[in-house]
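> Before anything else, here's the structure in question.
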Amino acid sequence: MAQQFTNTAILEQKSFMSKVYGLMAMGLLITAVISFLVSTNQILVAYLFSNKFLYIMLFVVELFIVGYLASRVRYMKYSTAINLFIAYSVINGITLSFIFLAYTRASIFSAFFTTAGMFGIMSIYGYTTKKDLASVGNFLFMGLIGIIIASIVNIFMRNSVFDLLISILGVIIFTGLTAYDTQKIKNYLFLNSNSEEDKKSAIMGALTLYLDFINLFLMLLRLMGRSRN
Numbered sequence: 414m415a416q417q418f419t420n421t422a423i424l425e426q427k428s429f430m431s432k433v434y435g436l437m438a439m440g441l442l443i444t445a446v447i448s449f450l451v452s453t454n455q456i457l458v459a460y461l462f463s464n465k466f467l468y469i470m471l472f473v474v475e476l477f478i479v480g481y482l483a484s485r486v487r488y489m490k491y492s493t494a495i496n497l498f499i500a501y502s503v504i505n506g507i508t509l510s511f512i513f514l515a516y517t518r519a520s521i522f523s524a525f526f527t528t529a530g531m532f533g534i535m536s537i538y539g540y541t542t543k544k545d546l547a548s549v550g551n552f553l554f555m556g557l558i559g560i561i562i563a564s565i566v567n568i569f570m571r572n573s574v575f576d577l578l579i580s581i582l583g584v585i586i587f588t589g590l591t592a593y594d595t596q597k598i599k600n601y602l603f604l605n606s607n608s609e610e611d612k613k614s615a616i617m618g619a620l621t622l623y624l625d626f627i628n629l630f631l632m633l634l635r636l637m638g639r640s641r642n
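Residues in the sequence shown are numbered from 414 upward in steps of one, following the numbering used here.
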C-alpha cells in the first residue's frame, strides 16, 4: 500500500512539474514572438522608444502583475491567473523588443542557447539533488537584492566595469536560483495535480522559472552580446 502511495505521489509530482515547464515554455515563446514582431515594426518601435513614460508604465504594469499574482493567486480563478500570466509574457515581450535593436541576432541566439543549456542543467540538478538548497536560496536572494540596488546606482554612475561585475554576479545568482526554485517547486505539497489550486500553483511555478530564465538570458546577453552599431 505504501509503495502504491509512493508511486502515485511520484506520478503526481511529475505531472505537476510537466505543467510548470509547459507553461514556462509557453510564456517564453509568447515573449520571444512578441519581442521580435515589435522590433520589426518601425512605427511601434518609434512610438515605444520615443515615449519614455509609456515604457516606464509598461514596467510598472509588469511589476503589478507579478505582485498581484503572488499575493492573490489563491483567491482568483484559474482562468484569471493564466490570462494574467499570458498578459505578463506579452508585455515583457514588448519591453524586451529593444534587444533586437541593440544586439546582433547572432549574439541574441548565442545567448539564448547558452541560457537554455545552463538553465536546463541547473534545473535538472535542482530536481534530482538530495541536498536541501534552502540556505543557498536565502543567500542568493540577498545577492539578488544587492544587484538590484547596484543596478539602480549604476544608472547614475554609468561605470562600465561596475556594469560588467553586476552582469557576472547576475549570471551566478540566477544560475543558482534556477536550481533552488526548481527544488522548491518540486517539493510543493499538492493533493491532486488536476485540482484548481494545483493548476494555479503550476502557474506561479512557471512564472518563477520564467523570470529566472529571462534574467539569466539578459545577464548573459550583456556579457556576450555584440552591439549592432
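We treat Cβ as the ideally placed atom computed from N, Cα and C, and that holds for glycine.
All values reported here derive from a predicted model rather than from experimental measurement.
Starting from the C-beta of residue 495, find all residues in its chain whose C-beta is less than 7 Å away, skip the five residues before and the five after it, and write them out in chain order.
Numbered from 1 along the sequence shown, position 82 holds the residue referred to as residue 495. Once the five neighbours on either side are set aside, the close Cβ partners of residue 495 are 616.
> Please look up how many angstroms separate the CB atoms of residue 458 and residue 514, rounded, as I've assumed it's under 8 Å.
Start at 1 with the first residue of the sequence shown, and residue 458 comes out as number 45. Start at 1 with the first residue of the sequence shown, and residue 514 comes out as number 101. About 7 Å separates the two Cβ atoms, so the contact holds.
> Please give the ranges of any alpha helix (DSSP H) in the stretch 508 to 586, keeping only runs that are unbroken, at least 4 residues long and fully inside the region.
Taking only runs of at least 4 residues, the alpha helix (DSSP H) segments lying wholly in the stretch 508 to 586 are 512 to 515, 518 to 541, 547 to 570.
> In angstroms with no decimal places, state the Cα-to-Cα distance between residue 448 and residue 507.
For the purposes of this step, residue 448 is identified with residue 35 of the sequence shown, where counting begins at 1. For the purposes of this step, residue 507 is identified with residue 94 of the sequence shown, where counting begins at 1. When rounded, the distance between both Cα atoms is 5 Å.
> Between which two residues does the alpha helix (DSSP H) containing residue 628 stretch?
Sequence index remark: in the sequence shown, residue 628 carries index 215 (1-based). Start and end: 609 to 637.
> Using a Cβ-Cβ cut-off of 8 Å (strictly less than) and excluding sequence neighbours within five positions of residue 540, which residues of its own chain qualify?
Mapped onto the sequence shown, residue 540 falls at position 127. Taken in chain order, the residues that qualify are 430, 595, 596, 599.
> Between 578, 499, 553, which lies nearest to residue 563 when the distance is taken from Cα to Cα?
Position 150 of the sequence shown holds residue 563. For the residues 578, 499, 553, the minimum Cα distance to residue 563 belongs to 578.
> Exposed or buried, residue 535, counting other C-beta atoms within 10 Å across all chains shown (16 or more means buried)?
As a first step, residue 535 must be located in the sequence shown, where it is residue number 122. Residue 535 should be labelled buried.
> Look at residue 586 and residue 561 and say whether their C-beta atoms are less than 8 Å apart.
Walking along the sequence shown from the start, residue 586 turns up at place 173. Walking along the sequence shown from the start, residue 561 turns up at place 148. No, the pair does not count as a contact, with Cβ atoms beyond the cut-off.
> What separation, rounded to the nearest whole angstrom, lies between the Cα atoms of residue 570 and residue 517?
Position 157 of the sequence shown, counting from 1, holds the residue named residue 570. Position 104 of the sequence shown, counting from 1, holds the residue named residue 517. Roughly 26 Å between the two C-alpha positions.
> Candidates 532, 623, 618, 639: which alpha carbon is nearest residue 589's?
Here residue 589 refers to the residue found at position 176 when the sequence shown is read from its first residue. Measuring from the Cα of residue 589, the nearest candidate turns out to be 532.
> Determine whether the beta carbon atoms of residue 497 and residue 482 lie at a separation below 8 Å.
Here residue 497 refers to the residue found at position 84 of the sequence shown. Here residue 482 refers to the residue found at position 69 of the sequence shown. It is a contact, given that the beta carbons lie within the stated cut-off.
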